[in-house]
Structure formats: structure tokens, C-alpha cells
Amino acid sequence: MVIPYISMHGSTEIMVNHLIDSLAHKGIEVQLFDLTVTDIGALAMALVDAATIVIGTPTVHFGPHPNVFAATHLANSLKPKVRYAAIIGSYGWGTQAVEQLSALIPNLKVEVLDSVMCKGLPRKEDFEALDRLAEKIHEKHAALS
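According to the working numbering, the stretch in the sequence shown is residues 1 to 145, in order.
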């Protein structure tokens, strides 16, 4: 399981950390890639063996952060055998990040499990949605075994 993410004002990072904690309680290991400092080669190698990718992005001008565009382009070019995907993140006024990211990965034949986008800082209902996403990921990974 791989989570490439970037956070501008902390909201997306809070969401990513909550999801990682929820997944850890279910025994799922996560490879986390902060796209401000990530070695793109390490991300590429992790994608090759990952069953799931969760992309974390804040919204910039109604779309995903430019670093997320780059990571998504990499994943689409590599065509890894990822089976499941999800998008999480935050926005201020509005967002088209989920639609734009989905359009960038036509080569990934994935089942999209969910997207959790919150306005500003995540609230109780956003954390609950992240917990539901963690449960879906757990169920899908258990079925792979």
C-alpha cells in the first residue's frame, strides 16, 4: 500500500496520518511518500508491488497540487499492477481534484474505492469517512490473500 501525498496548510497531512493510523490498527503497512522530499525512483519501485494507492492532495486552483500531477503521471506511465485506488485531500473554495486525477490514470485498471475531500481542516465526519475507507482497503486486501 502506497500513499504519495503533499500538504500545503496541514489539512491533507492530518487526513493522511489519520488514515495511516486506522490502517495500522487493521495490520496494513503503508509506504508513505511526502512529495516535497520524495525520491521519485523510490516511489516508482514501491508502486510496482503495491496493491493499493491512496493519493493525498490539497486543491490548487481547483485541481490537484502540481507535485501530485507529476506522481500521478509517473504511476500512469509505469502501469503498475495496482488494484485499488482512492483520493483524499482538502480544498478551500471548490475542487475538481478527484475528476482531474481520475482522468490522469487511464492506464491503471483500478477499482476506485472512495474519495474523501474536506473543506478546510478535517472534521469528525471526515475522520469517519477515512475510517470507512480504511475498512474498505482492509476488506479488499484480505480478499487478495
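Ideal Cβ positions, reconstructed from N, Cα and C, are used throughout, including at glycine.
> Who does Ile88 pair with in a DSSP beta bridge?
Replying inline: Gly56 and Val116
> Going by C-alpha distance, which of Phe33, Arg132 and Val82 is nearest His25?
Replying inline: Arg132
>> Applying the 10 Å Cβ sphere with the 16-neighbour rule, what's the burial state of Asp49?
In response: exposed
> So, do the stretch 20-38 and the stretch 102-111 have three or more beta carbon pairs nearer to each other than 8 Å?
Replying inline: no
> Between the beta-carbon of Ile20 and the beta-carbon of Leu32, is there less than 8 Å?
Replying inline: yes
> Using a Cβ-Cβ cut-off of 7 Å (strictly less than) and excluding sequence neighbours within five positions of Gly94, which residues of its own chain qualify?
Replying inline: Phe62
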